[in-house]
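Here the sequence shown stands for residues 185 to 261, numbered as in this note's numbering. All residues carry an ideal CB built from backbone N, CA and C; glycine is no exception. Notes to accompany the following structure.
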Amino acid sequence: MERRDVSMFERNVGGLDRIARGVIGACLLAIAVGSFRADRRSTAIVAALGSAGLLFNFATARCGLNKLLSIDTCPRE
Numbered sequence: 185m186e187r188r189d190v191s192m193f194e195r196n197v198g199g200l201d202r203i204a205r206g207v208i209g210a211c212l213l214a215i216a217v218g219s220f221r222a223d224r225r226s227t228a229i230v231a232a233l234g235s236a237g238l239l240f241n242f243a244t245a246r247c248g249l250n251k252l253l254s255i256d257t258c259p260r261e
């Protein structure tokens, strides 16, 4: 049975691109936590927002900017 993707976006993030987003997102999250603890709130907020975006891309394998630019790094079967 063929599986259809009924979400708003098709998967367009895969391979090394997806792994890089996960690693950089985790690093930004660590920076956000460290900045928050050091009372550097503006740095913490910027790092947390960047981390949230990259980790969302990593978890869902979807990126709105890739969709707009017609970039697809996800391997097809």
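Hey, Ala216 and Ser235: beta-carbon distance below 9 Å or not?
The residue given as residue 216 occupies position 32 in the sequence shown. The residue given as residue 235 occupies position 51 in the sequence shown. Contact flag set, yes.
Does Ala232 come out as helix, strand or coil in the three-state DSSP assignment?
Reading the sequence shown from its first residue, position 48 is the one you call residue 232. Ala232 falls in the helix class under three-state DSSP.
In chain order, what residues of the same chain have a beta carbon less than 7 Å from the beta carbon of Gly262, not counting five sequence neighbours either side?
Look at the range of the chain in this structure, 185 to 261, and you will see that residue 262 is not part of it.
What is the DSSP secondary structure of Ala168, reduced to helix, strand or coil?
No answer is possible for residue 168: the residues shown for the chain start at 185 and end at 261.
Coil, strand or helix - Thr257 by DSSP
Indexing the sequence shown from 1 puts residue 257 at position 73. Coil.
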